[in-house]
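Residue numbers (my numbering): 7 to 427.
Please read the structure below before turning to the comments.
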Amino acid sequence: MADGPFALVDCNNFYVSCERVFNPALQHRPVVVLSNNDGCAVARSNEVKRLGIKMGAPLFEFRDLVAQHNIEVLSSNYSLYGDMSNRVMQIVQGYSPLTEVYSIDEIFLNLKGMPFDLEAWALKLKKQVLDWTGIPVSVGIGATKTLAKVANRMAKKNLFHGGVFELKEDRRIEALKALSIEEVWGIGSRWGKSLRSLGIQTAYDLTEQDYRHIQKQFNVVLARTALELGGLSCMPLEVMVPRKQIRVSRSFGERITKYEPIREALSSFTARAAEKLRAQGSLTQAILVFIQTNRFNEKEPQHHQSIVMQLPVATDDTIMLLKAARKGLEKIYKPNHRYKKTGIILLDLTREANGQNDLFFEANPKRQALMEALDQCHEWFGRKSLHFASEGVKCAWQGRRGYVSAHQTTSWENLPKVYAK
DNA sequence: TCTGGGGTCCTAGGACCC
DNA sequence: TCTGGGGTCCTAGGACCC
Numbered sequence: 007m008a009d010g011p012f013a014l015v016d017c018n019n020f021y022v023s024c025e026r027v028f029n030p031a032l033q034h035r036p037v038v039v040l041s042n043n044d045g046c047a048v049a050r051s052n053e054v055k056r057l058g059i060k061m062g063a064p065l066f067e068f069r070d071l072v073a074q075h076n077i078e079v080l081s082s083n084y085s086l087y088g089d090m091s092n093r094v095m096q097i098v099q100g101y102s103p104l105t106e107v108y109s110i111d112e113i114f115l116n117l118k119g120m121p122f123d124l125e126a127w128a129l130k131l132k133k134q135v136l137d138w139t140g141i142p143v144s145v146g147i148g149a150t151k152t153l154a155k156v157a158n159r160m161a162k163k164n165l166f167h168g169g170v171f172e173l174k175e176d177r178r179i180e181a182l183k184a185l186s187i188e189e190v191w192g193i194g195s196r197w198g199k200s201l202r203s204l205g206i207q208t209a210y211d212l213t214e215q216d217y218r219h220i221q222k223q224f225n226v227v228l229a230r231t232a233l234e235l236g237g238l239s240c241m242p243l244e245v246m247v248p249r250k251q252i253r254v255s256r257s258f259g260e261r262i263t264k265y266e267p268i269r270e271a272l273s274s275f276t277a278r279a280a281e282k283l284r285a286q287g288s289l290t291q292a293i294l295v296f297i298q299t300n301r302f303n304e305k306e307p308q309h310h311q312s313i314v315m316q317l318p319v320a321t322d323d324t325i326m327l328l329k330a331a332r333k334g335l336e337k338i339y340k341p342n343h344r345y346k347k348t349g350i351i352l353l354d355l356t357r358e359a360n361g362q363n364d365l366f367f368e369a370n371p372k373r374q375a376l377m378e379a380l381d382q383c384h385e386w387f388g389r390k391s392l393h394f395a396s397e398g399v400k401c402a403w404q405g406r407r408g409y410v411s412a413h414q415t416t417s418w419e420n421l422p423k424v425y426a427k
């Protein structure tokens, strides 16, 4: 299955594009979408990128630019982005039977055995996605996934290709010579630095190394990247692999010292994690609970701690998980600290069919029915419609979300209205 | 004062066993 | 001063991704 070629379809400035679909006044204006809690920039329009605002930059650092250039600032609206993502993915999946949804805004396609003009094919795909969803995408095509990534970069940079680029073998070396080492998929700033100290400055330089040497000095991941840049495919398409862990965590809107609101937040996250777990049809055998103070404030007493709680039996039962989470929190919580964040990670996930039956634990059909009803209720009436008492009602932990747009595609109240003249 | 959240994989090192 | 060697399992931490 590692045989290429591969295409990578990547949505342009995805969150910003979603916002623009429902608010055309945002077109051609600088727009930035913030992370949870309105903390930092997670999506930027091209206008904002040109102003030099970096991915992940905290809002308080670029407030002056916001005022100066009249930048539209938005809180993130994940239900909208998730829904738009599904629409885009469905269309793209019609173009190849073998696809891998890599992230909320990226999808790989295997193009093996497609004999036709790939660029024309990609232009058609791009147009259909734009016409049907309003989301602009770029398409990169290459012999390996890593080269498809390279091609996608080039498609985005050189707009005269119409947002589509096929990196053919005769252009490969030239393209890799022009690509600095940190821009390669899988090579971050740390490894980039150590590679540069060895005289490896560009993607091409990496392909000139003996991969066994790279593996020895670094690791197999980097060795594979080197091979892929050389045109040898060694990262197969991963079709719908169930998650190996599920994490839910949030920073609080304000620092919290008391136990009770932290427990409420953790209960909420646990309930959400259990829901995700059931959605993918898995069971968990152990959970990790953690709490953290603000690591940026060095003057305050710091406390970062986590604890793993083993469960007596693999389960997807929210009530069992809530109990375990609470026990864990009791063990690690310390009074007199200003906490910033808590969260839960479900570990050791197994498929339901493989779940071991415990001699001392009989599956409770009533409880299972309750969980099903809960999930249904959330699907039909929203997550706020029904919740556990331990999640609390005050939600003192809830983050800031000062600039949120409407839920145009997932809420009846927010459905856009169209008037005929 | 304000600085996200959710994933993956790999490696080193300690514990433990024979 | 000498005080095995090798295998497995687990965990923490570090790197990367979007």
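Positions of the beta carbon are idealized from the N, C-alpha and C atoms, including for glycine.
Only a predicted model underlies this, so the values are computations on that prediction, with no experimental measurement involved.
- Burial is judged here by how many other beta carbons sit within 10 angstroms of a residue's own beta carbon; V145 has at least 16 and is buried.
- When V295, A232, E304 and R93 are compared, the shortest CA-CA separation from I252 is found for V295.
- Judged by DSSP in its simplified three-state form, M95 adopts helix.
- Taking a C-beta distance under 7 Å as the contact criterion, L131 and Y101 qualify as a contact pair.
- Only residues of its own chain outside the window of five on either side were considered, and among them P267 and E270 have a CB closer than 8 Å to the CB of K400, listed in chain order.
- In terms of Cβ geometry, N116 and L104 form a close pair [threshold 7 Å].
- Within the same chain, Cβ atoms closer than 8 Å to the Cβ of G168 are found at L129 and K132, the five residues on either side in sequence being excluded.
- Here Y339 carries a coil assignment [DSSP, helix/strand/coil].
- In this structure, the beta-carbon distance from K250 to L355 falls below 7 Å.
- Between D322 and L352, the C-beta gap is not smaller than 7 Å, which leaves the two residues out of contact.
- R406 sits away from G236, with the two beta carbons spaced by 7 Å or more.
- In the DSSP assignment, A280 forms no beta bridge with any residue.
- By the Cβ test, the region 239–250 is not in contact with the region 210–223, since fewer than three Cβ pairs between them sit closer than 8 Å.
- The Cβ atoms of W191 and T150 lie no closer than 7 Å to each other.
- Under the DSSP assignment, L131 falls outside any beta strand (DSSP E), being part of the alpha helix (DSSP H) whose first and last residues are L124 to T139.
- E25 and V39 do touch by the CB rule: their CB atoms are close to 7 Å apart, below 8 Å.
- A Cβ-Cβ contact shorter than 7 Å links C17 with D111.
- Distance check between I297 and each of E106, I313, G45 and A426 places I313 closest, using alpha-carbon atoms only.
- Within its own chain, the residues whose Cβ lies closer than 7 Å to the Cβ of L32, once the five positions on either side in sequence are excluded, are E25, R26 and E78, listed in chain order.
- Between the alpha carbons of R332 and V98 lies a distance of about 43 Å.
- Considering only L317, G287, F302 and R278, the residue with the shortest C-alpha distance to I293 is L317.
- For Y345, the three-state secondary structure derived from DSSP is strand.
- Separation of S274 and S85 (C-alpha to C-alpha, rounded to the nearest whole angstrom) is 17 Å.
- Residue burial annotation: S23 is buried, with at least 16 other C-beta atoms found within 10 angstroms of its C-beta.
- In this structure, DSSP gives H393 a state outside helix and strand, which the three-state scheme calls coil.
- Here DSSP, grouped into helix, strand and coil, assigns Q33 to coil.
- When Cβ pairs closer than 8 Å are counted between the two stretches, the region 276–284 is seen not to touch the region 300–311, the count staying below three.
- Taken in chain order, the complete beta strand (DSSP E) segments of 3 residues or longer contained in the region 148–230 are 170–172.
- Residue pairing from DSSP places T356 in a beta bridge opposite L289.
- With respect to the C-alpha of T213, the residue from I179, L204 and I193 having the closest C-alpha is I179.
- Of K346, V94, R177 and L173, the smallest CA-CA separation from K155 is found for L173.
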